[in-house]
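Trainee: Quick note on numbering: full-length UniProt numbering labels position 111 of the sequence shown as 111, and the sequence is numbered without any gaps. Here's a structure for you.
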Amino acid sequence: MIAAQGLSFAYPPHFTIEIASFTLRAGERTALVGRNGSGKTTWLRLLAGLERPGPGGCCRHRAGLRLGFLRQNPYLFSGTVGGNLAYPLALLRLPRAEIASRVAAMLERIELAPLARRRSDELSGGERKRLALGRALIGKPEALL
1 MIAAQGLSFA
11 YPPHFTIEIA
21 SFTLRAGERT
31 ALVGRNGSGK
41 TTWLRLLAGL
51 ERPGPGGCCR
61 HRAGLRLGFL
71 RQNPYLFSGT
81 VGGNLAYPLA
91 LLRLPRAEIA
101 SRVAAMLERI
111 ELAPLARRRS
121 DELSGGERKR
131 LALGRALIGK
141 PEALL
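Shown next, in the form of structure tokens:
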């Protein structure tokens, strides 16, 4: 579960986002829609803990909740497609054999297996987006923002 209460964030002098309360329970899906500049990305960054809320606001998740975060314009490492997928698993300190197995499975899932050794900066726009999605999902997040 992810819950937020009294969240606010300001980009002075004109923009403030305020959320009275929000709860997302296991199995639920929520779409966040709005105009350009309306605060959607800021809201997701607050939920992910990448931004600090203003005074009095809080955002809670269960301790150890595995979050995935997928940006609209994702950053990819300059290494290979396979290396981009392996990186989050290495951060989790998984055994090499498990990393290799998960990377191979994800490459198939996102239909990039033939490109596993290609550098990420050589991919098309659609291939880059699939790689970013695969990297967000490979750690088996409980919630994807």
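Don't be surprised by glycine CBs; every beta carbon is placed ideally from N, CA and C. Note that the structure is a prediction, hence the values are computed from the model and not measured.
Buried or exposed for F9, please, with buried defined as at least 16 other CB atoms from any protein chain shown within 10 angstroms of its CB.
Mentor: buried
Trainee: Taking the alpha carbon of G83 as the reference point, which residue from N36, S38, L115, L47 has its own alpha carbon closest?
Mentor: Closest option to G83, Cα to Cα, is L115.
Trainee: If we count the other Cβ atoms within 10 Å of its Cβ and call it buried at 16 or more, is residue 151 buried or exposed?
Mentor: The question about residue 151 has no answer, for the chain in this structure spans 1 to 145.
Trainee: Under 7 angstroms from any heavy atom of the ligand PLP, does the C-beta of T16 make it?
Mentor: Ligands in the displayed structure: none, and consequently the ligand PLP is not present.
Trainee: If you draw a straight line from the alpha carbon of P13 to that of L107, how long is it in whole angstroms?
Mentor: 45 angstroms
Trainee: Across the stretch 96-103 and the stretch 15-35, are there enough close Cβ pairs to call them in contact, namely three or more that are closer than 8 angstroms?
Mentor: no
Trainee: Can you tell me whether S124 is helix, strand or coil according to DSSP?
Mentor: coil
Trainee: Rounded to whole angstroms, what's the CA-CA distance from P95 to L85? Just pull it up for me.
Mentor: When rounded, the distance between both Cα atoms is 14 angstroms.
Trainee: DSSP state of I110, grouped into three classes?
Mentor: Here I110 sits in coil by DSSP.
Trainee: Report the rounded CA-to-CA distance for A104 versus A113, giving the unit in angstroms.
Mentor: 7 angstroms
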